[in-house]
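Numbered as in the numbering used here, the sequence shown ends at 465 without a single skipped number. For each residue, glycine too, the CB sits at the ideal point set by N, CA and C. Since the model is a prediction, treat every value here as computed from it, not as a measurement.
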Amino acid sequence: MGSTANATSAQRDRAPAGKPFGPTFVTPLYMGAILNPVNSSVIAPALVAIAAAMHTSVGSTAILISSLYLTSAIAQPAAGRLAEEFGPRRVFFTGILLVLAGGVLGAFARDMPTLVTARVLIGAGTSTGYPSAMLLIRRRAQATGLQEPPGSVLGGLAIAGAATVAIGPAIGGLLIGWLGWQTAFWINVPVAVTAFAMAAAWIPKDTDRVRDRSPRALVSRVDLLGIVAFGGALTALLVFLSSLPNPDWTALVISAVIATGLVAWELRAANPFLNVRLLASNLALTSTYLRNGLTLLGTYVILYGLTQWLEASRGLSAYQAGLTLIPMGVLSAVSARVVSRHTRVRAPLTVSALLLLMGAAATLFLDSGTPLIVVVAITAAFGLTSGAGNVANQTVLYREAPPESVGTASGLLRTFGYIGSIASAAITGTAFHSHVDDTGLQHISWALVGIAALVLIMTVCDRSLAKADRRPAH
């Protein structure tokens, strides 16, 4: 994460004429950033149809979700590192081409291995959008003499993702019902083509010079060994989490061993992918990763656990259960918009943590007889938590991360979110291991209360947040 890829590239850019963060600049970035949540949300309604078409069980199609999450968790910081080294525009374009390839491959797939390959390509491709966007925004701000961009610019990334998650399952369900499961892959084509055309027309060319280097020098510059070790440790960790409630302890030990070796390597690497010294010294940045991961863990526990409970205990269809979550996504976008208009971060993070705890406590009183409107109201509170926390944590990261490594830092923020997502699946899987009922929901609720309390304690006790309110970006 500590690459000094080309720290002066932003200074070599001339300040753009007119509005530096106008629609022509931010729109392609938002289009690229929504590709990942689009593919995360539209696949769920297609799983039953895919299982029937591939003559396999619905349970076995879960790999189409986990493969994208795992690929994205590894690829997000790696894409950020490559963007710092080769230029964010180039990496952005490469990612879009991978998404196109994965979309077409998946649409024509006739077996599960091909579908998994398509999802891996899509996961790798969509992972370039967010870190490239953050790096492009940082460089544009530096080129125009701004300490940081208008709050609405960073907030727009969160709003675009939240809005996509809000309407993705509903739209995906309709399209798949009309046109078949292939729509879950075909949908990438028009979105990716539009993003590519916009980026080609409106995003300025990279000023980073791609120098001719020997393969050995290139491996050293991008710290390929560090990236591979990071991916190995994360893969083993996620295998362990996915194995719960029947823990695969071997996977956890392997993850710990690889992680130990990764730390030892990064401490002496010339261009460390994961700047361990920075993470140890910059506790504001490290706590932001943890706080973001835990907040999203709580949000995803509700997203996954409550949906399963609504279907099993309340008799709702998957489509109906998805509709009940739309207010959650809408309020997430609204709260993100409100928070993005202000520069302070401590207040929204504290409110976000309080809402998370209040929502968690409210779920303790849910049972099969609870009116559906009450359930929707509780999920809405988690939407407010998600939107406010996402934007505020993103702003803290922008201010705390070194300018030359904001791409890797941004990708790592997303990685912690993916870990939270997979951990939430482990929690719900453990609680609903034998049967999806009110008792299992109670277990989930108590876990959620503990997570929320930890987030609130971390936020209230984090003195660096007050300093971040007074200090602009690097």
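Taking the straight line between their C-alpha atoms, what separation do you get for residue i and residue j?
i       : j      : result
TRP240  : ILE54  : 21 Å
VAL367  : LEU314 : 10 Å
GLY350  : VAL107 : 36 Å
GLU76   : PRO362 : 54 Å
VAL451  : ASN30  : 35 Å
PHE12   : LEU209 : 33 Å
ASN381  : LEU216 : 31 Å
ALA327  : THR421 : 32 Å
SER(-6) : ALA414 : Unreliable positioning characterises SER(-6) in this predicted model, as indicated by a pLDDT of 43, which lies under 50. The coordinate reading is nonetheless provided below. Distance between the alpha carbons of SER(-6) and ALA414 is about 30 Å.
THR298  : ALA250 : 34 Å
ALA224  : GLY23  : 28 Å
LEU340  : LEU388 : 13 Å
VAL474  : GLY114 : Beyond the ends of the chain as shown, which are -8 and 465, falls residue 474; an answer cannot be given.
TYR409  : ILE364 : 29 Å
THR197  : ARG81  : The identity of residue 197 in the sequence shown is Asp, whereas the question assumes Thr. Between ASP197 and ARG81, the C-alpha separation is close to 7 Å.
LEU73   : PRO195 : 18 Å
PHE187  : ILE87  : 7 Å
THR279  : ALA383 : 9 Å
VAL17   : ALA132 : 12 Å
THR419  : GLN385 : 27 Å
GLY163  : THR85  : 26 Å
VAL446  : GLY97  : 39 Å
ALA457  : VAL144 : 22 Å
ASN262  : VAL248 : 22 Å
HIS46   : VAL39  : 10 Å
THR399  : PHE83  : 14 Å
TRP437  : ASP453 : 24 Å
ALA352  : TRP300 : 17 Å
LEU345  : THR15  : 37 Å
MET103  : ILE41  : 9 Å
LEU357  : ASN273 : 41 Å
PRO238  : ALA338 : 39 Å
Can you tell me where the alpha helix (DSSP H) holding residue i begins and where it ends?
i      : result
HIS551 : Only positions -8 to 465 of the chain appear in the structure, and residue 551 is not among them; the question remains open.
THR370 : 363 to 391
PHE187 : 179 to 193
ILE34  : Premise fails: ILE34 is in no alpha helix (DSSP H) and is neither H nor E.
PRO141 : Element bounds for PRO141: n/a, residue is neither H nor E.
MET103 : 103 to 117
TYR280 : 274 to 292
THR298 : 298 to 304
PRO68  : 54 to 77
TRP256 : 240 to 259
GLN173 : Per DSSP, GLN173 belongs to no alpha helix (DSSP H) and is neither H nor E.
PHE407 : 397 to 422
MET319 : 317 to 331
GLY350 : 337 to 354
SER233 : 215 to 234
ALA100 : No alpha helix (DSSP H) holds ALA100; DSSP gives it neither H nor E.
PRO122 : 120 to 134
Would you call the CB atoms of residue i and residue j closer than 8 Å?
i      : j      : result
MET189 : PRO19  : yes
PHE407 : ASN283 : yes
GLY94  : ALA149 : no
GLY378 : SER425 : no
LEU276 : ALA392 : yes
SER233 : SER57  : yes
GLY296 : ILE128 : no
LEU439 : THR376 : no
ILE293 : PHE373 : yes
ASP460 : VAL336 : yes
ALA417 : LEU235 : yes
ALA220 : LEU270 : no
ALA70  : ILE218 : no
LEU347 : GLY402 : no
LEU89  : GLY120 : no
Could you give the C-beta distance for residue i and residue j, rounded to a whole number, given that I count them as a contact under 8 Å?
i      : j      : result
SER331 : THR286 : No, SER331 and THR286 are not in contact; Cβ-Cβ is about 17 Å, not under 8 Å.
PRO181 : SER123 : The pair is not a contact, with the Cβ atoms about 20 Å apart (cut-off 8 Å).
ALA260 : ALA37  : Not confirmed; about 42 Å, so no contact.
SER304 : SER359 : 5 Å
LEU258 : SER246 : Incorrect: roughly 19 Å between the Cβ atoms, too far for contact.
GLN67  : ARG405 : 4 Å
ASN27  : SER51  : Actually they are not in contact, since the Cβ atoms of ASN27 and SER51 sit about 24 Å apart, beyond 8 Å.
GLY320 : ALA154 : 7 Å
TYR21  : GLY147 : 6 Å
LEU112 : ALA92  : 6 Å
Does the CB of residue i have a neighbour CB from chain C at under 8 Å?
i     : result
ALA92 : Looking for chain C here will not work: only one protein chain is present.
Compute every distance between the C-beta of residue i and the non-hydrogen atoms of the ligand ATP, then say whether any falls below 7 Å.
i      : result
ALA417 : For the ligand ATP, the structure offers nothing, since it holds no ligand at all.
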